[in-house]
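Residue numbers (UniProt numbering): 1 to 999.
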């Protein structure tokens, strides 16, 4: 055995095949200026223009037409997506004379185009070779009959980028994503292969038995006149050593079912070696190499190489299983977004860097939304260890009605594209999941999609398949699928407005319980933040972010550009806090198989969705860090569960600790270490630890509860931090948390920290108005009966009895509290009184509905969504809030105070000073607030819409305390507004309510 290993290491393994690179300058012209239209059977197509046509220009291959100055400036500018600086929809001609070296052995020639959208035709030395239309794979032609070795050969290519079929929603060519690009973006090549050659090789790993199955097809046109051939299969270990050589005799005199000279066969090869089988996984993406040689005696006729990974991917009940171990897919959606080119990039390093960024944030999975990328993507995914779901270029409505067939041309195209893609991707271990397209069906499945699933399984049973991504109801009816991708946002009985709430005991079991197969969360979260006009300067290619133009114009005219940085910061924090809870909620779901987050990047189209913590260029927005994201997005995640986030001072706090463990190994002698500290000064409030024993993989395990009392006095914003530690293992456990490599030494053996997480909470003192603030209460006139339980010693009377002149004359009250504006209240205010107005939505001319969670996806696409705002902004030091804890942005102790609360529109009241702002979505950009103050005449008015009149809400500690602090402000010396509004401005915002007179 050593002899042939040494021989392999000495042998020159360069291929006997040869590729002529045809990239460079080509003659070029658009068909609108040239070409002769055909008539009859081929009507509507063109024949190549004459080679001496003076209209020929030049173009570079690879590249798009738009990049090189072809096309016209668009007639319209889009506000819902980006716009190209040039665009052209139609066909174009490429022509070139190429020299093909002499070929005494008369090889087999394949012409290959990469990166063509959508249709192409080839003429070789004047002979039409046919039409190709794949969107996802290379377009190839057998040109052997027309090749003239040793001479110049004329090549003419017709490329048409018009929509061949009504599949415009697919992200491979949607205007909102990869755009309707035209050109040859991946290159042109002429491949010379031996006539006696290896046509196909398919390697099927069998890791459980330490073997691979090799399936091959050999072509030998001269089958009757040559000696028997041998097929040598050499396997190289990921460490570089050669493991195995298998020699098979090929009898090419046997006719196969295809044609004479084609032989198919296979063999099993055991990868027995001194080393253990090197498994490919998302954690350790180890790749073998197979070198397959076709020989006749000592003569090497052909050689092909193929990388492969030893991995298995299957389902077991409701879990996905990688190499026999349950795996949780921590995924994001790739929507085919290339902001510089407008088409998929053909650079492996680009994708390597992309995957390294994604993995630095804890992701191990990517869903390709209605497309499959070029070969360099798959090479990078194999090398970096990404688990990928590919899809057909398909987002249509043809399969929504179960009893209605799709058009035959659609069915044929999808079948052809399925076959082509499975053949192209069979060797990639990163390719584990496949969907037939995005959101295709109604409530139930479709027989024609089921037929495609069966076809795919028969072709390649090593992947898992689903009929579509996102649609269909569970329990599934009439669906042929290995797994489901369903929305955790809105699949019944869930609602998107409740995608994240303060209760951290909730999960998505209401959806997963309906399925018998693994369920992955579809396009999860979709929370958004404020627009970032500063990204405009990054668009140096063919695309311009024209959605920014109307947004910037609106913000500038409204004088809101000065607040841009503050809004970006506050809404970015809000996005991440919401996202953390939504993703932890999935991890709390014991039978969830994964998520596909939409998205870690912004989406340029459909109205511009600012969902990412990265921009479209894969660059950090500055709103989070990889280590922060990995706290809730790693193989191992600590989950802190409590029904409440707010407590009364001294109240018992119980927090259940769970761990979602989808690492590759059992955690030995695990233990939880926790502490509670104040947010403001990191003061220790409590700490503890306990042992958990060994922790199995692939489960959500409850480890016990933290039991502690909140601080007995005062207001406290606290943080609970938890660490999971265990014994070290021989090889590092990659939990996805790079910072979790801390080694701890104590009286027992050293331990390592596997995961960390943290959770915010707040405690507030009980209201004590009557005894401590008796004098202050006596100086308040309260007309709101719902508030009387909170203001027991205040003067209470109906608003109809308000007499502003008596108030001013007797000077018995410091503050009037009212729900509505009346003429009496206005009299009092303008003549020097203090008013706290608490209007409801019906008291406002332009109430803006809000919810705690930020805008879902974007307003332009989902304009009817409730509460289309993006969170709160306030100064960190706001006298109005007193000791109420806040950091300038939305957080969970605000949830019950603002969810469903109307915001006040201040667009017509520029003199008002907003104290607690509501950040409107940037398309509408209203100037909104939950609370503002102003001078009016000689008086002062404070307005707030917090639902303090909701008796149930006021039993919550945060609501009662906020009311108390705002009341103190309204009665105190700090309530002295600097800006002023007129009576007319007030009457333009608040409805004047009538006074009931008694005759």
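Even for Gly, the Cβ is constructed at its ideal location relative to N, Cα and C.
Taking 7 Å as the threshold (C-beta atoms), are residue j and residue i in contact?
{"i": "residue 969", "j": "residue 880", "result": "yes"}
{"i": "residue 163", "j": "residue 97", "result": "no"}
{"i": "residue 685", "j": "residue 658", "result": "no"}
{"i": "residue 395", "j": "residue 437", "result": "yes"}
{"i": "residue 270", "j": "residue 229", "result": "no"}
{"i": "residue 440", "j": "residue 475", "result": "no"}
{"i": "residue 814", "j": "residue 971", "result": "yes"}
{"i": "residue 542", "j": "residue 85", "result": "yes"}
{"i": "residue 88", "j": "residue 143", "result": "no"}
{"i": "residue 642", "j": "residue 853", "result": "no"}
{"i": "residue 1016", "j": "residue 867", "result": "The requested residue 1016 does not occur in the structure, where the chain is confined to residues 1 to 999."}
{"i": "residue 282", "j": "residue 387", "result": "yes"}
{"i": "residue 623", "j": "residue 524", "result": "no"}
{"i": "residue 479", "j": "residue 193", "result": "no"}
{"i": "residue 308", "j": "residue 203", "result": "yes"}
{"i": "residue 336", "j": "residue 177", "result": "yes"}
Nearest CA to the CA of residue i: which residue from the options?
{"i": "residue 825", "options": "555, 249, 992", "result": "992"}
{"i": "residue 212", "options": "222, 186, 245", "result": "245"}
{"i": "residue 984", "options": "909, 711, 831, 882", "result": "909"}
{"i": "residue 79", "options": "327, 175, 194", "result": "175"}
{"i": "residue 390", "options": "397, 955, 373, 382", "result": "373"}
{"i": "residue 377", "options": "924, 964, 818, 334", "result": "334"}
{"i": "residue 28", "options": "58, 69, 419", "result": "58"}
{"i": "residue 849", "options": "923, 797, 928", "result": "928"}
{"i": "residue 847", "options": "536, 885, 891, 920", "result": "920"}
{"i": "residue 627", "options": "757, 571, 601", "result": "757"}
{"i": "residue 413", "options": "448, 511, 180, 382", "result": "448"}
{"i": "residue 443", "options": "416, 455, 582, 492", "result": "492"}
{"i": "residue 291", "options": "532, 302, 284, 497", "result": "302"}
{"i": "residue 665", "options": "323, 351, 107", "result": "323"}
{"i": "residue 362", "options": "119, 583, 591, 886", "result": "583"}
{"i": "residue 276", "options": "105, 698, 207", "result": "207"}
Pop quiz: residue i and residue j are said to be a contact at Cβ under 8 Å. What is the actual Cβ separation, rounded to whole angstroms?
{"i": "residue 895", "j": "residue 501", "result": "7 Å"}
{"i": "residue 24", "j": "residue 61", "result": "7 Å"}
{"i": "residue 695", "j": "residue 687", "result": "Residue 695 to residue 687, Cβ: 21 Å. No contact."}
{"i": "residue 918", "j": "residue 878", "result": "Contact doesn't hold; Cβ gap of about 14 Å is too wide."}
{"i": "residue 943", "j": "residue 787", "result": "Their Cβ separation, rounded to whole angstroms, is 15 Å, which puts residue 943 and residue 787 out of contact at 8 Å."}
{"i": "residue 488", "j": "residue 445", "result": "Going by Cβ atoms, the distance from residue 488 to residue 445 rounds to 20 Å, so no, they are not a contact pair."}
{"i": "residue 840", "j": "residue 819", "result": "7 Å"}
{"i": "residue 181", "j": "residue 343", "result": "4 Å"}
{"i": "residue 951", "j": "residue 934", "result": "Contact doesn't hold; Cβ gap of about 29 Å is too wide."}
So, at 6 Å on beta carbons, what are the nonlocal neighbours of residue i in its own chain, with the 5 sequence-adjacent residues on each side left out?
{"i": "residue 636", "result": "661, 663, 735, 754, 755"}
{"i": "residue 156", "result": "48, 95, 123"}
{"i": "residue 278", "result": "238, 286"}
{"i": "residue 679", "result": "717, 719"}
{"i": "residue 747", "result": "A caution first: residue 747 carries a pLDDT of 42, below 50, which makes its placement in the model unreliable, though a value can still be read off. So no residue of the chain qualifies."}
{"i": "residue 103", "result": "149"}
{"i": "residue 547", "result": "79, 608"}
Can we count residue i as close to the ligand MN, meaning its CB is less than 6 Å from some heavy atom?
{"i": "residue 118", "result": "For the ligand MN, the structure offers nothing, since it holds no ligand at all."}
With 7 Å set as the bound, which would you pick, yes or no: does the beta-carbon of residue i sit closer than that to a beta-carbon of chain B?
{"i": "residue 475", "result": "Absent from the structure is chain B; it holds one protein chain and no more."}
Enumerate in chain order the residues of its own chain whose CB-to-CB distance from residue i is below 8 Å, with the five nearest sequence positions on each side excluded.
{"i": "residue 671", "result": "689, 690, 691, 692, 724, 725, 726, 751"}
{"i": "residue 647", "result": "653, 710, 761, 762, 763, 764, 957"}
{"i": "residue 456", "result": "418, 422, 434, 463, 465"}
{"i": "residue 965", "result": "880, 881, 882, 883, 884"}
Got a sec? Which residues, its chain only, sit under 7 Å from residue i by beta carbon, not counting five neighbours each side?
{"i": "residue 12", "result": "Its pLDDT being 36, under 50, residue 12 is placed unreliably in this model, and the coordinates cannot settle the point."}
{"i": "residue 406", "result": "398, 399, 448"}
{"i": "residue 170", "result": "370, 371, 393, 394, 395"}
With a floor of 3 residues, list each beta strand (DSSP E) that falls wholly inside the segment 320-355, ordered by position along the chain.
325-327, 329-334
Run through the segment 571-619 for me and flag every whole beta strand (DSSP E) of 3 or more residues, listed as ranges in chain order.
594-597
Which complete beta strand (DSSP E) runs does the segment 362-389 hold, if anything under 3 residues is left out?
365-368
Could you give the uninterrupted runs of the alpha helix (DSSP H) lying entirely in the segment 674-707, keeping only those of 4 residues or more?
none
What alpha helix (DSSP H) runs, 4 residues minimum, are completely inside the segment 827-913?
Listed in chain order, they are 895-898.
Please specify which runs of the beta strand (DSSP E), each continuous and at least 3 residues long, are wholly inside the segment 471-541, giving them in chain order.
484-486, 519-524
Counting only runs that start and end within the segment 405-481, where is the beta strand (DSSP E) found for 3 or more residues in a row?
431-435, 464-466
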